[in-house]
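Residue numbers (this note's numbering): 96 to 421. We put the beta carbon where it would ideally sit given N, CA and C, even for glycine.
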């Protein structure tokens, strides 16, 4: 999951661009209007509301309290652009009215879903960061499976936190099939995949993806684990049945405590967008969720250095993971 991307909106199978705004004009159509010629009112264009510093602070604080998403004042114009059209849809004139709507309206819970869609960008793909995934499949996963088998516990539980539209947890499920082969039938495998966005979870459960989402996936894997459908490629049932999708808010300890304990946690390209306080909260949730000896995988540009000493870093060629001691 990415927040406030400067160029792309949507998941691996939904892309778009954030058009630069001019004088609050929606739709990116202002480039053809020369000052002093045709006023926007004559062109039939609707203006979006401007957000004051005070309104921004209140709204940003509210979003942070509900989602853990930290929005810098430097991103004020993005919040204004992305939510400005929403004000028009609701018939609201100011961001103060929108803030009051979020506090008091009977539809405020559903509106939080809209906010999640507006302020997050889900840029992902199958087999993203192949080097790191190779370390997972060839080392950490094999070690975990052997340990469990030696203990007589043929079960493995993985948590994919911030799963977006499902590419990551399905990739992990495919890797489990590749590693275990037919013997997977004798294993109890559960991948718990969570995201803040209900819309992303709906896409994930559907399990249908375009060529773009599969751009980094080996052709043999596509042929083996996907069925061709009109809309693209659908994940085969034997892969889907390993993954259980549901909503989780990493800023809410009660929410994260409901996630079943895991041997391995993936949370890639999520905490980089949190402030330090929220990062610590998320890392604590991962630590508490992991069983002793479990491993945590973060994105390649993410680190818990200076944030937590609970995990032991495990350096690998071109990647790093973190281990919870036995």
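### Query
Buried or exposed: residue 212, going by 16 or more other Cβ atoms within 10 Å of its Cβ?
buried
### Task
Measuring alpha carbon to alpha carbon, tell me which of 161, 187, 167 and 397 ends up nearest residue 151.
167
### Query
Skipping 5 residues on each side, what residues in its chain have a beta carbon closer than 6 Å to that of residue 380?
351
### Query
What number of angstroms, rounded off, separates the C-alpha of residue 100 from the C-alpha of residue 326?
Caution is warranted here: a pLDDT of 32 is assigned to residue 100, below 50, making its placement in the model unreliable, and the coordinate value is therefore given only provisionally. Cα-Cα distance, rounded: 26 Å.
### Message
Is it the case that the stretch 279-290 contacts the stretch 313-332, given that we only count it when at least three CB pairs across the two stretches are under 8 Å?
### Response
no
### Query
If you pair each beta-carbon of the stretch 343-359 with each one of the stretch 284-302, do three or more pairs fall below 8 Å?
At 8 Å Cβ cutoff, the stretches touch.
### Message
Between the alpha carbons of residue 355 and residue 246, how many angstroms are there, rounded?
### Response
Rounded to the nearest angstrom, the two C-alpha atoms are 20 Å apart.
### Query
Does DSSP put residue 273 in a helix, in a strand, or in coil?
helix
### Query
For residue 272, which of 415, 284, 387 and 161 has the nearest alpha-carbon?
284
### Task
Apply the 10 Å Cβ neighbour rule to residue 372 and answer buried if 16 or more other Cβ atoms are within range, or exposed otherwise.
exposed
### Query
Taking just the CA atoms, how far does residue 170 sit from residue 196?
22 Å
### Message
Here's the rule: buried if 16 or more other CB atoms are within 10 angstroms of the residue's CB, otherwise exposed. What is residue 177?
### Response
Counting Cβ neighbours within 10 Å, residue 177 comes out buried, since at least 16 surround it.
#### Entry: Extent of the continuous alpha helix (DSSP H) run through residue 160
Note, residue 160: alpha helix (DSSP H), 148-162.
### Query
Does DSSP put residue 311 in a helix, a strand or coil?
coil
### Query
Going straight from the alpha carbon of residue 121 to that of residue 144, what length do you get?
With a pLDDT of 26 at residue 121, under the threshold of 50, the modelled position of this residue cannot be trusted; read the value that follows with caution. The alpha-carbon atoms of residue 121 and residue 144 are separated by roughly 10 Å.
### Message
Measuring only the C-alpha atoms, how far is residue 324 from residue 190?
### Response
43 Å
### Task
Look at residue 308 and residue 244 and say whether their C-beta atoms are less than 8 Å apart.
Going by C-beta atoms, residue 308 is not nearer than 8 Å to residue 244.
### Query
Among the residues of its own chain, which have a CB less than 7 Å from the CB of residue 187, if the five just before and after it don't count?
193 and 196
### Query
From what residue to what residue does the beta strand (DSSP E) around residue 388 run?
385-393 is the extent of the beta strand (DSSP E) around residue 388.
#### Entry: Distance, residue 412 Cα to residue 274 Cα
21 Å
#### Entry: Straight-line Cα distance separating residue 401 from residue 228
25 Å
### Query
Is it right to say residue 175 is buried, meaning 16 or more other beta carbons lie within 10 angstroms of its own, or is it exposed?
buried
### Task
Alpha carbon to alpha carbon, how far is residue 335 from residue 300? Give it in angstroms, no decimals.
8 Å
### Task
Specify, as a first and last residue, the run of the beta strand (DSSP E) that residue 188 falls within.
Residue 188 -> no beta strand (DSSP E), and no H or E assigned at all.
### Query
By the 10 Å Cβ neighbour count, where 16 or more other Cβ atoms means buried, how is residue 224 classified, buried or exposed?
buried
### Query
Which residues in the same chain as residue 182 place their Cβ atom closer than 6 Å to its Cβ, once the five residues preceding and following it in sequence are excluded?
The answer, listed in chain order, is 144 and 193.
### Task
Report buried or exposed for residue 363, applying the criterion of at least 16 other Cβ atoms within 10 angstroms of its Cβ.
buried
### Query
Looking at the structure shown, is residue 180 part of a helix, part of a strand, or coil, going by DSSP?
helix
### Query
Quick one: is residue 410 buried, meaning 16 or more other Cβ sit within 10 Å of its Cβ, or exposed?
exposed
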